[in-house]
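K.L.:
With the numbering used here, letter number 425 in the sequence shown gets 415, and the count goes up by one each step, no holes.
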Amino acid sequence: MFSKVLIANRGEIACRVIGTAQRLGIATVAVYSDADRDALHVELADEAVAIGPPPAAESYLDGEKLIAACRATGAEAVHPGYGFLSENAGFAAACAEAGIVFVGPPAAAIDAMGDKIRSKRIAREAGVAVVRGEEATATAEEAARLAERIGYPVMIKASAGGGGKGMRIAHNDGELREGFDRARSEAAASFGDDRLFVERFISDPRHIEIQVLADRHGNCIHLGERECSIQRRHQKVIEEAPSPFLDAATRAAMAAEAVALARAIGYQGAGTVEFIVDAEKTFYFLEMNTRLQVEHPVTELVTGLDLVEQQFRIAAGEALRITQDDVELTGWAIEARVYAEDPYRGFLPSPGRLARYRPPQEKATAAVVVRNDSGVVEGGEVSPHYDPMISKLSTWAPDRTAAIEAMAEALDRFELDGIGHNIPLLQAVMDQPRFRDGRLSTAYLAEEFGDGFSGAEIAPSRRSLFVAIAVILAEIRANRVETPAPRGSARAVFVDGARIDVTVEADGTDRWLVAVPDHDPQSFAIAWSPGDTLAIVNGQDDAQRVVKVAPTITGFRLRHRGADLEVKVMSPQVADLMMHMSVRKPPDRSNHLLSPMPGQIVRLEVVRGDRVEPGQPLVIVEAMKMENILRAERRALVARINCEVGTVVAVDDVILEFGEV
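(1) If you draw a straight line from the C-alpha of Phe302 to the C-alpha of Gly89, how long is it?
(2) Work out the CA separation of Ala418 and Glu352 for me, nearest whole Å.
(3) Look up Arg625 in the DSSP assignment and say whether it is helix, strand or coil.
(4) Quick check on this structure: which residue in Asn581, Ala356, Glu617, Glu612 has the alpha carbon closest to the alpha carbon of Val602?
(5) With a CB to CB cut of under 7 Å and the five nearest residues on each side skipped, what residues in its chain are close to Ser109?
(6) Taking the Cβ atom as the reference point for each residue, do Cys218 and Glu189 lie within a distance shorter than 8 Å?
(7) For Pro349 versus Ser364, is the C-beta spacing smaller than 8 Å?
(8) Less than 8 Å between the CB atoms is what I'm expecting for Thr18 and Val(-5), so what's the real figure, rounded?
(9) Does the stretch 253 to 267 come close enough to the stretch 401 to 411 to have 3 or more Cβ pairs within less than 8 Å?
(10) Measuring CA to CA, which of Ile211, Arg426, Arg311, Asp26 is closest to Glu395?
(11) Our contact map puts Leu627 next to Val609 with C-beta atoms below 8 Å; I'd like the distance itself, whole angstroms only.
(12) For the candidate residues Leu297, Phe273, Arg185, whose alpha-carbon lies nearest to that of Thr240?
(13) Determine the direct distance from the alpha carbon of Ala326 to that of Ala436, and round the result to whole angstroms.
(14) Could you tell me which of Ala137, Asp105, Asp522, Leu186 sits nearest to Glu165, measuring between CA atoms?
(15) Please classify Lys110: does DSSP put it in a helix, a strand, or coil?
(16) Is there contact here, the stretch 301 to 316 with the stretch 224 to 241, by at least three beta-carbon pairs under 8 Å?
(17) Is it right to say His207 is buried, meaning 16 or more other beta carbons lie within 10 angstroms of its own, or is it exposed?
(18) Any idea what DSSP makes of Asn469, helix, strand or coil?
(19) Is Val288 closer than 8 Å to Glu215 when the C-beta atoms are compared?
(20) Going by the beta-carbon positions, is the gap between Glu485 and Val564 smaller than 8 Å?
(21) Measuring CA to CA, which of Ala464, Tyr50, Glu48 is closest to Thr542?
(22) For Leu344, name the three-state secondary structure that DSSP assigns.
(23) Roughly how many angstroms separate the alpha carbons of Val504 and Ser384, rounded to a whole number?
(24) Tell me which same chain residues have a C-beta within less than 7 Å of the C-beta of Phe74, skipping the five on either side of it?
(25) Taking the alpha helix (DSSP H) that Ala62 belongs to, which residues open and close that run?
(26) Check whether the Cβ atoms of Thr280 and Pro70 lie closer than 8 Å to each other.
(27) Give me the Cβ distance between Val461 and Val494, rounded to the nearest whole Å; I'm assuming they're in contact under 8 Å.
(28) Could you compute how far the alpha carbon of Ala323 sits from the alpha carbon of Ala177?
(29) Measure the alpha-carbon distance for Glu2 versus Asp508 and round it to whole angstroms.
(30) Pick helix, strand or coil for Glu352, following the three-state DSSP scheme.
(31) Could you tell me the distance, in whole angstroms, from the CA atom of Val93 to the CA atom of Ala250?
(32) Taking the Cβ atom as the reference point for each residue, do Asp421 and Ala446 lie within a distance shorter than 8 Å?
(33) Determine the closest residue to Arg135 out of Ala97, Arg111, Phe187, with distance taken between C-alpha atoms.
(34) Could you have a look at Leu291 and say whether DSSP puts it in helix, strand or coil?
(35) What would DSSP say about Cys210, mapped onto helix, strand or coil?
(36) Taking the straight line between their C-alpha atoms, what separation do you get for Lys382 and Leu430?
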C-alpha cells in the first residue's frame, strides 16, 4: 500500500478520499487554488500545496503543477476524485512517466472511454446497443446537418464531458444553433476540450448505471445498479440504489454488458457504465465514466464496501478480495445532492458565505443510516469559480419507503442559510406520490415543476398546522416559557393577507390547545425556545415533525417538507388597526436588466440602440461553471450598457437599461 497520496481535487470528494486514506494509514497531500486557501480539504490533509489562481485551467487542470506537487512532497500516487483531470488520459500517462501511480484505470482505457465518440464505437463492436448518433462536429452548421439526418430531438454533448457540462437538448434548428455555442464554451472551460457530438435524444428515458470493479489480474465484477433519473440540466440531483424500475432479468443483462465492456478495454479500478432505459426496459449504452462517481455512496451503503479503498488496493496492485458471488445488495439507499442553486429564482447559481451550515447528525443503526459527504463548514464560502455542490446527503434503510422517510426527516433537520439552495426542492420531491411510487424519468423535474419552483403545495391541513405552530411559538416567545399556567388567549393570524381568528390555551401539561372558529381545538406539544432554529412538533396524531423557524417582526417564517409560509400573529386589537395602514410600493425597476446572480459577463448579444423582442438573448453570465442566458422580457430599446465582457457582477447589479421603442 502507498505511504503518501496526493488528492488532485477539491471540495467534498477531496475530503471523502482523505478520510479513507487516513483510515488506511496513508498520509495525504491536498492541493488548492488561491480561492480554496481556507477550504476544509486543506485543513484535513496532512500537507497542502498551493497550485495557482482559481480558474481551473491555471490550477486544478494543470497537470504539470500537480506532478510537481507530488515530487515536492514525495507522494507516490495521485487520486483524481471526479471531474477535473479524473478522466484525462494525458494526465494519467504523465503520472506513469513520472513514476507516480494514477489511482484509476490505465491511460489507454481512459482514452477509449473518455472520448464519448470513440467509446460508442467500441461499445457497438462489443455488441452493446447504442443510441444513434456519435459523429464529431466542429461547427453549428455541421451539427444541424447531422441533426437533420438523425432526427429531432437531439442531444448536443461534449466529447470529453460529464457532470451535465457541455450538454444541451435541441428540438429544432434554432435551439440547436443557440445551444451549440453554449455547450462548446462550457466544454472548453470545464474540460479543456471543446469537441462536441450529436445523438438522438430518447424522450422520457430513465438513467440507470452499473458500478464495476476490475483489477490488473483479470478479475472484474459488478456491484449492482444505481438509478439517477432525477436530473436538472443533465446534472443528477437524486440517486438511489437499487433502481425501483428494473426486474431481475434486465438487471442481469445490463450488468453482463457492463462487465463485458470493462473487460474489452482492459479496465482497472472503479468505473461506471451508464445506460439510457426506455419504458419497455430496452437499454442503450450512454457512456462509461472511468472514475469514481459522485453518487458512489449509495452503492457503498447497499454493499458495505468502501469504493475508495477498493481503488487504492487495485492501484497498489492487489487482486480483488471479493468475487461476484460475494456481492450482496442489502436494503435501499438514496442520495440527495445539496446545491448552491436557488430553485425559487429559476435555479440560478447562488455562491456566497454560509451564515449557517448545520447538517443532520450522521448515524448508523440496523434500522437507518444517515451520511453526509461535504467539503464546507459554517462561515465558509461557496466559491463562484467551481460547481455549486455543497454536500451529498445519503440515507439507508431496509426498504425504499423507509429510506425515503429517513431522507425526508434528514432534510427537515438540515439547516443552511446565507445563500440560495435546493433543499426545499429536495424536500418537495421526497413527499411527492410519483417519486414514492418510483415513477421516474430524466424529465421528472421539468414535468413536476415546469412552471418553476415556488415551494411545495400547501394543503389546507398543512396551512392549519403552520397557523397553530406560529400561534404557539408566539406565546412561548411572549412568555419565555414553554408551558405557562393554563389560560386562553385570542389571536389574529394573517396568512397570505387573509385573517384568521384563533384561540390558544396551555393545558397545564406540556401541550397547547389551538382552535379556529367552527373547529374543535387541536392539541400540540412543541419543543422550542426563542433563538432555536428548529421546532420539534408533536401533533394530536402523535406524529413528530421538525419545522424550521425564522422569527419575523410580527410572527414567523415556517418551513417544512418544501413548504414555506410566513405567518403573522398579533392581538385582535392590533390586527384591527393594521387594516388602516398603507402598503409601501417597491421601486419600479422594469426598465433595468438586473443580474440575477454573482458571476462574470462572458458575452454581450446587443449594443446600445438595438431594438429587442421578448425572448431575445441579451447577455450571457457565467457562474459556477455554467453559462446562463438572460433574455428580454418585452419589446424595448437598449438605452445603456453598464458592463463589458469580463465584468464581474453581483446580484442586482444593473447590466442594461432600456427605453421605450
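Even for Gly, the Cβ is constructed at its ideal location relative to N, Cα and C.
P.N.:
So, from the data block:
(1) 16 Å
(2) 22 Å
(3) coil
(4) Asn581
(5) Ala102, Met103, Glu277, Met278
(6) no
(7) yes
(8) 6 Å
(9) no
(10) Arg426
(11) Their Cβ separation, rounded to whole angstroms, is 16 Å, which puts Leu627 and Val609 out of contact at 8 Å.
(12) Phe273
(13) 17 Å
(14) Ala137
(15) helix
(16) no
(17) exposed
(18) helix
(19) no
(20) Glu is not the amino acid found at residue 485; the sequence shown has Val there. No, they are not a contact pair.
(21) Ala464
(22) coil
(23) 37 Å
(24) Ala(-2), Asn(-1), Ala46, Tyr50, Leu51
(25) 53 to 63
(26) no
(27) 5 Å
(28) 32 Å
(29) 53 Å
(30) coil
(31) 22 Å
(32) yes
(33) Phe187
(34) helix
(35) strand
(36) 20 Å
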